[in-house]
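Visitor: Quick one: structure below, then a few questions.
2 protein chains.
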Amino acid sequence: MKIQTSKIDTIIHATWIAPVEPVDTLHHHYSIAIHDGRIQDLLPKQDILDKYLADVEITLDNHLLIPGLINTHTHSPMSLMRGLADDLPLMDWLNNHIWPTEQQHVSAEFVLDGSLLACAEMIKSGTTCFNDMYFFPEITARAVEQAGMRAKLGLILIDFPSAWASDADEYLAKGIELHDKLRSNSLISTAFAPHAPYTVSDAPLKRITTYAEELDIPVHIHLHETADEVEQAVSESGQRPIARLNELGLLSPRLLAVHMTQLNDDEIALIAETGAHVLHCPESNLKLASGFCPTFKLQQAGINISLGTDGAASNNDLDMISEMHTAALLAKAVANNASALPAEDILRMATINGAIALGLDSEIGSLEVGKSADITAVDLGGIENQPVYCPVSQLIYSAGRENVTNVWVAGNHLLKDKELTTLDEKAILEKAHYWQEKINT
Amino acid sequence: MKIQTSKIDTIIHATWIAPVEPVDTLHHHYSIAIHDGRIQDLLPKQDILDKYLADVEITLDNHLLIPGLINTHTHSPMSLMRGLADDLPLMDWLNNHIWPTEQQHVSAEFVLDGSLLACAEMIKSGTTCFNDMYFFPEITARAVEQAGMRAKLGLILIDFPSAWASDADEYLAKGIELHDKLRSNSLISTAFAPHAPYTVSDAPLKRITTYAEELDIPVHIHLHETADEVEQAVSESGQRPIARLNELGLLSPRLLAVHMTQLNDDEIALIAETGAHVLHCPESNLKLASGFCPTFKLQQAGINISLGTDGAASNNDLDMISEMHTAALLAKAVANNASALPAEDILRMATINGAIALGLDSEIGSLEVGKSADITAVDLGGIENQPVYCPVSQLIYSAGRENVTNVWVAGNHLLKDKELTTLDEKAILEKAHYWQEKINT
């Protein structure tokens, strides 16, 4: 007896599917059924064909399907400053290059063009969701909507004035206004984003602690990025930044602590105990010689670690495939243990762990029935990935962003055979050239 | 008055050319004239057009031309074991996975198919020359000839028998036979390749020292790869491996010392004094948790450092663009100095320094008039590399292997708009599938 078939939007057949949940699962010759933007089913190919009839049916031979990658720390508009001032120490780079350039050029127009460039780069490299921190987040929201991506936008706050706001009151007011505006947006949400302990004073940090609880949103902050940051805080206040944030009540499962390269055992225990998340940016930490985040130690302590690229001015890309590669390699050398953070764990860092950190794990981070259809397809059929003994290993250790062929967010096909469907690549490139000329003169 | 034009083979016009020599030079809108496999001229575009008329004229807008990349340490046939046993410590990986697989499968056929797969991957990612170490080097020579690449093939020697040779005498005899056979080959030459201090005893190392001087070729060896290697040598013989090699007379400008993650200050001084070269493989060192090669310290000591990918079984790719990226990032974190090994220095490591190590710097390693036309073109026009403030920075920090579009070796166009001209990609992939099935069962 033929089973009655249901009519649905899309079926994707793939050689391999790594759903991330359940742990260490790898499906061979399975298919995903998508309807109304959600994963309707995940079964062996023939079972899907027996149950469903789809408007669109896509067969991806030699491809691995994974949950869309989640970039948990970036400054998307800074893509316009990619490679502007390389090979410099963090404070020289910030004080003498990045901040002066920002002071001169950052505007709504800059943020829109930079965010669109960033969204295009992220979609093409398999990222479906990002956690951002920059000025004019309401403008980045427009770029994200145009791209059809998912994002958590940081409501930035910094003690000095910018083109966006003049003081803590204005930063907070504008941030909360944006939060209210996005309240019913299914793809874009917000987090408070006080820049760093050394750029935000106690009073606004206290207000953010209170508001974050009231609004039930995360607090995204650079923390213990360099030894200098920690030493300077100690010499000025007698306190390490984590201790100060703890006194201010910021250490909780809401806290998204970025970088964290300088941690003693007590601090690791405290982070674990309070449930704060570590947003690990290995390439930025290496390039700026900030230090080594002890990811294996953090994992052993039960801390949730997610991955981020940081901004393209300090990375210099928004490529999560390469970031997974670097995170996997570096974890082993830092732990002095070649078995530390195997490929499967790294994929979790770039997917479900990011979703957990952002409070979005009921919606994204794994390919499970009922979750949103945020999916990335990676072609492992080329010379550079052959032979394939273990597809997840190949993804982490040999694949590159160029192997990403298709991307869906909430069932929408944003990248189709390597072509962007929502963004105009040519127009974005023209804007990049325009800003290059303008910033260079 | 119109200048008389000469008839030549090829002209390449490019937006940027980084010739590597002279140091830190970057040409805008220059062109390269190629004749009889050599660089005939390098001038502003109009000057080239005034002087030469070419059979083939190629315009590469948005491209950076660099000397063909030189991968100074790999085991090319091991590409067939890419990702076979990841996330394991070095000795477990070697003893329980790689060596048993090799014992069962390595043959002339395996080496041919693996070498062809490796050559295809290397050409596609911009590598024009590689320094290899594996069994059946005469078979790898066939693959290299078919590919049209340049290589220095290691005359391997190891204390235990393999499918290629049964003892030191046979390894040496077969090696010297191949050396003689290749004596008049313009693209392929040889080096002795005793595997490592812990796998080759004193007697064959002494003979290699003598023969290397007589034949005037380098000695390519894994050295101080891990702390275990050094500790075990000390506990067995009371000597660190570098001290032993020094006693055996191996420390000289002929020595190509691979890995070198465990070095005290005296050893660094000794390496500098003797003129030995360090072949740095950052991704392999990280992945196998071997340790950190102190590249900035070595550079400060005046030691010549080149780059290698290691074999695809431990990397897991033969991608020199990604290796440059990792080398650049890691050097800074290890030196605790964000200005250590800037982009220009890293490009030198992957080109001229490699040529110097291999004794080929009169022929390759820079784009200079009279040298062989071994050239790689990298397209910086895509979203992921825009805007371009500094093309060499973009090459090291944001470009990927997929941005390589054209490759020439001795003027032969081996990669043409991303298509291999000398190798059959489909046939190579079929062989990779064949070996995957065979090794997996």
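So the sequence lines, in the order shown, correspond to chains A and B. So the first sequence is numbered by numbering that gives the first Met the number 0: it starts at 0 and just counts up by one. So the second sequence is numbered by numbering that gives the first Met the number 0: it starts at 0 and just counts up by one. Note that the Cβ used here is the ideal one computed from N, Cα and C, for glycine as well.
1) Relative to the C-alpha of residue 181 of chain B, which residue among B:140, B:116, B:347 and B:91 is closest?
2) Using three-state DSSP, classify residue 163 of chain B as helix, strand or coil.
3) Would you mind telling me which residues of chain A sit closer than 9 Å to residue 481 of chain B, beta carbon to beta carbon, in chain order?
4) Three-state secondary structure (DSSP) at residue 287 of chain B?
5) What residue does the beta strand (DSSP E) around residue 443 of chain A start on, and which one ends it?
6) Tell me whether residue 447 of chain B sits in a helix, a strand or coil according to DSSP, three-state version.
7) With three or more C-beta pairs closer than 8 Å as the rule, is the stretch 379–388 of chain A touching the stretch 72–85 of chain B?
8) Quick check on DSSP: helix, strand or coil for residue 72 of chain B?
9) Can you tell me whether residue 203 of chain B is buried or exposed, with buried defined as 16 or more other CB within 10 angstroms of its CB?
10) Along chain B, which residues have their Cβ under 7 Å away from the Cβ of residue 393 of chain A?
11) Given that a residue counts as buried once 16 or more other Cβ atoms are within 10 Å of its Cβ, and exposed if not, what is residue 159 of chain A?
12) At the level of alpha carbons, what is the spacing between residue 361 of chain A and residue 373 of chain B?
13) Please look up how many angstroms separate the CB atoms of residue 377 of chain B and residue 354 of chain B, rounded, as I've assumed it's under 8 Å.
14) Tell me, please, which residues DSSP counts as bridged to residue 50 of chain A.
15) I'd like the ranges of any beta strand (DSSP E) spanning at least 3 consecutive residues and lying wholly in the stretch 54–107 of chain B.
16) Do the stretch 54–64 of chain B and the stretch 391–409 of chain B make contact, defined as three or more Cβ pairs closer than 8 Å?
17) Count the CB pairs spanning the stretch 32–46 of chain A and the stretch 80–96 of chain A that are closer than 8 Å, and state whether there are at least three.
18) Determine the burial state of residue 350 of chain A: buried for a count of at least 16 other Cβ atoms within 10 Å of its Cβ, exposed for fewer.
19) Indicate whether at least one CB of chain B lies closer than 7 Å to the CB of residue 184 of chain A.
20) Under a three-way DSSP split, which group does residue 30 of chain B fall into?
21) DSSP state of residue 418 of chain B, grouped into three classes?
22) Do you know offhand how far residue 108 of chain A's Cα is from residue 155 of chain A's?
23) Using C-beta distances below 8 Å, list every residue in its chain close to residue 416 of chain A, excluding the 5 sequence neighbours before and after it, in chain order.
24) Residues bridged to residue 208 of chain A by DSSP?
25) Measure the C-alpha to C-alpha separation of residue 375 of chain B and residue 371 of chain A and round it to an integer number of angstroms.
26) Can at least three beta-carbon pairs, one atom from the stretch 94–108 of chain B and one from the stretch 46–55 of chain B, be found at a separation below 8 Å?
27) Does any CB atom of chain A fall closer than 7 Å to the CB of residue 331 of chain B?
28) Drop a sphere of 10 angstroms on the beta-carbon of residue 483 of chain B, count the other beta-carbons inside from all chains shown, and report buried for 16 or more, exposed for fewer.
29) Closer than 8 Å by C-beta to residue 419 of chain B: which residues in its own chain qualify, once you throw out the five before and the five after it? Chain order, please.
30) Does any residue of chain A bring its CB to less than 7 Å from the CB of residue 435 of chain B?
31) Assign residue 151 of chain A to buried or exposed, taking buried as 16 or more other Cβ atoms, counted over all protein chains shown, within 10 Å of its Cβ.
32) Mind listing, in chain order, the continuous beta strand (DSSP E) runs of no fewer than 3 residues lying wholly within the stretch 392–439 of chain A?
33) Which of the residues in the stretch 48–78 of chain A, read from start to end, lie with their CB under 7 Å from any CB of chain B?
34) Check the Cβ of residue 388 of chain B against every Cβ in chain A and list those closer than 9 Å, keeping chain order.
35) Closer than 7 Å, CB to CB, is residue 396 of chain A near chain B or not?
36) Determine the direct distance from the alpha carbon of residue 314 of chain B to that of residue 250 of chain A, and round the result to whole angstroms.
Guide: A quick look at the data gives this:
1) Comparing Cα positions, the closest option is B:140.
2) Three-state result, residue 163 of chain B: coil.
3) The question about residue 481 of chain B has no answer here: the residues shown for chain B are numbered 0 through 440.
4) When DSSP states are grouped into helix, strand and coil, residue 287 of chain B belongs to the coil group.
5) Not covered by the structure: residue 443 of chain A. The range shown for chain A is 0 to 440.
6) With chain B represented from 0 up to 440, any question about residue 447 of chain B goes unanswered, as that position is not in the structure.
7) In short, these stretches touch, since the Cβ pair count reaches three.
8) Looking at residue 72 of chain B - three-state DSSP - the assignment turns out to be strand.
9) Residue environment analysis places residue 203 of chain B among the buried positions, since at least 16 neighbouring C-beta atoms fall within 10 angstroms of its C-beta.
10) Ordered by position in chain B, the residues that pass the 7 Å Cβ test against residue 393 of chain A are 82.
11) Exposed: under 16 other Cβ atoms inside 10 Å.
12) Distance between the alpha carbons of residue 361 of chain A and residue 373 of chain B is about 53 Å.
13) Not confirmed; about 19 Å, so no contact.
14) DSSP output for residue 50 of chain A lists no bridge partner at all.
15) Whole beta strand (DSSP E) segments, 3+ residues: 68–73.
16) Because the criterion of three Cβ pairs below 8 Å is met, the stretch 54–64 of chain B and the stretch 391–409 of chain B touch.
17) Segments in contact, no.
18) Classification for residue 350 of chain A: buried.
19) Judged by the 7 Å Cβ criterion, residue 184 of chain A is not in contact with chain B.
20) Reduced to three states, the DSSP call for residue 30 of chain B is strand.
21) If DSSP states are grouped into helix, strand and coil, residue 418 of chain B belongs with the strands.
22) Straight-line Cα distance between these residues: approximately 18 Å.
23) Excluding sequence neighbours, residue 416 of chain A sits near 404 and 405.
24) Paired residues: none, contrary to the question.
25) In a straight line, the C-alpha of residue 375 of chain B is about 43 Å away from that of residue 371 of chain A.
26) The stretch 94–108 of chain B makes no contact with the stretch 46–55 of chain B; the number of CB pairs closer than 8 Å stays below 3.
27) Taking a beta-carbon distance threshold of 7 Å, residue 331 of chain B counts as an interface residue toward chain A.
28) As displayed, chain B neither begins before 0 nor continues past 440, which places residue 483 of chain B out of reach and without an answer.
29) Within the same chain, residue 419 of chain B has close Cβ partners 119, 122, 123 and 413.
30) Closer than 7 Å: yes.
31) Burial check for residue 151 of chain A: the Cβ neighbour count within 10 Å reaches 16 or more, so the residue is buried.
32) You should have 403–408 and 411–415.
33) For the stretch 48–78 of chain A, the set of positions with a beta-carbon nearer than 7 Å to some beta-carbon of chain B is empty.
34) Residues of chain A passing the Cβ test: 80, 81, 82, 83, 84, 85, 435, 438 and 439.
35) With a threshold of 7 Å between beta carbons, residue 396 of chain A makes contact with chain B.
36) Residue 250 of chain A and residue 314 of chain B have their C-alpha atoms spaced approximately 38 Å apart.
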